[in-house]
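One structure is given below, encoded as structure tokens.
Numbering (the working numbering), first residue to last: 1 to 401.
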């Protein structure tokens, strides 16, 4: 299936209500599984969240989380610490080639019984009941912050809590701070020092309701659309001025691409500031790597050369996103260089038209390239992949007429 996007000029003022954050929702579901008196409002409708929700409710011995990487990491820690029966945790073919060894080794340090079913270091996993009595762990922190978040979320229910020591520099720090701030806001005692996090045990949990903020990563595609549409104004909700989400830094990243953000109550208003975009865009996205695809495509549409660094985690996502970006940007005439952690792009003087964008079963590839339809005609292969994080994306995108 392909989605043909015709070149069009979008102008006017539109309101869009984006669904709850997948990142917040998935963390809250693990906490809710441990403390049943937590209520969650505005839960994400994404595939990833639905998969995690279904897994936590399942009585099956085999849990298949398909493409949901967050679910794989969070459930590995959850089952390792609290399962009462042997569980096989598996996923799609791509998931079975995404590394999990760093988290497994950390959990084994505190007494978890986990075995690899097929290939060493990768899912599927065989997880058996275990008695977790150790309260200190050492973990490499420069591959995925989700490994650390997974440990933090389960630590509150461990008998002695858990001290997590980092043996390397932390990557995607804002996502780690999201977990930290969320847990603290719910009343958990969590202390973050430079090279460690300590989580105190907590048996009593005050009944409360948490309202999930809309997803900032999903907002990025509309920032891109506004950057590429001089007469477009968008109102996006529900957003907080004091967001837990690291990708809320989006509004700063897009200032140099000509987008002004105004906060009004639970709404952000995006406006194109004409002729405000810079001539060369250079940023380190180590703390916000999920925005790299969107930003690169925006620069392509604006014909601005860019140099994006801090992208080493993109190689172990739904696909190797650096390779995928290079392949698809070059279809539109751009010159692209990549290495293990960066991307350099020089756009063509004339963006090529009627190109077919391959999505690599990656939701962000589809949504990142959609705004480019303001400058050229293109087709998106397998557009339904957006359901992984933003099921209503095409409905919202096509409402802007």
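Heads up, the beta-carbon is just placed ideally off N, CA and C, and yes, glycines get one too.
Please read these numbers as outputs of a predicted model, since none were measured by experiment.
Quick one: Cα of residue i to Cα of residue j, how far?
i           : j           : result
residue 121 : residue 322 : 23 Å
residue 175 : residue 308 : 19 Å
residue 169 : residue 243 : 24 Å
residue 208 : residue 292 : 36 Å
residue 93  : residue 74  : 19 Å
residue 220 : residue 267 : 15 Å
residue 205 : residue 35  : 7 Å
residue 362 : residue 386 : 8 Å
residue 402 : residue 392 : Any answer about residue 402 is impossible in this case: the structure gives the chain only from 1 up to 401.
residue 399 : residue 338 : 35 Å
residue 3   : residue 372 : 13 Å
residue 290 : residue 304 : 20 Å
Taking the alpha-carbon of residue i as reference, which of the options has the nearest alpha-carbon?
i           : options               : result
residue 301 : 351, 113, 27 and 96   : 351
residue 261 : 20, 96 and 224        : 224
residue 156 : 31, 394 and 306       : 31
residue 376 : 69, 353, 180 and 397  : 353
residue 60  : 89, 271 and 386       : 89
residue 342 : 282, 162, 130 and 264 : 282
residue 164 : 141, 181 and 177      : 141
residue 269 : 9, 7, 17 and 2        : 17
residue 116 : 98, 133 and 132       : 98
residue 37  : 203, 101, 361 and 313 : 203
residue 311 : 10, 288 and 215       : 288
residue 280 : 249, 178, 347 and 367 : 347
residue 145 : 45, 313 and 15        : 313
residue 389 : 13, 8 and 215         : 215
residue 255 : 264, 226, 265 and 241 : 226
residue 56  : 46, 47 and 29         : 29
Excluding the 5 residues flanking residue i on each side, which residues of the same chain have their C-beta closer than 7 Å to its C-beta?
i           : result
residue 43  : 20, 25, 49 and 212
residue 370 : 5, 221, 380 and 397
residue 79  : 87, 89 and 127
residue 183 : 152 and 190
residue 218 : 18, 389 and 390
Kindly list the residues whose CB is nearer than 6 Å to the CB of residue i, restricted to its own chain and excluding five residues on each side of it in sequence; keep chain order.
i           : result
residue 104 : 114
residue 128 : 86 and 113
residue 277 : 257, 258 and 302
residue 39  : 209
residue 271 : 233 and 260
residue 360 : 319 and 324
residue 249 : 288
residue 62  : 88
Who are the Cβ neighbours of residue i in its own chain at under 8 Å, not counting the five residues just before and after it?
i           : result
residue 100 : 72, 73, 76, 121, 122, 123 and 125
residue 7   : 353, 373, 374, 375, 376 and 377
residue 84  : 129
- prompt: Should the stretch 329 to 343 be called in touch with the stretch 285 to 304, which here means at least 3 C-beta pairs below 8 Å?
  reply: The way I'd put it, the stretch 329 to 343 does touch the stretch 285 to 304; three or more beta-carbon pairs between them come closer than 8 Å.
query: For the stretch 98 to 113 against the stretch 177 to 191, are there 3 or more C-beta pairs whose distance is under 8 Å?
result: Two segments are said to touch when three or more pairs of C-beta atoms, one from each, lie closer than 8 Å; by this definition the stretch 98 to 113 does not touch the stretch 177 to 191.
field: contact_flag[the stretch 227 to 245, the stretch 59 to 75] where n(CB pairs < 8 Å) is 3 or more
entry: At 8 Å Cβ cutoff, the stretches do not touch.
message: Would you call the stretch 226 to 234 in contact with the stretch 188 to 204, where contact means no fewer than 3 C-beta pairs closer than 8 Å?
response: No, the stretch 226 to 234 is not in contact with the stretch 188 to 204.
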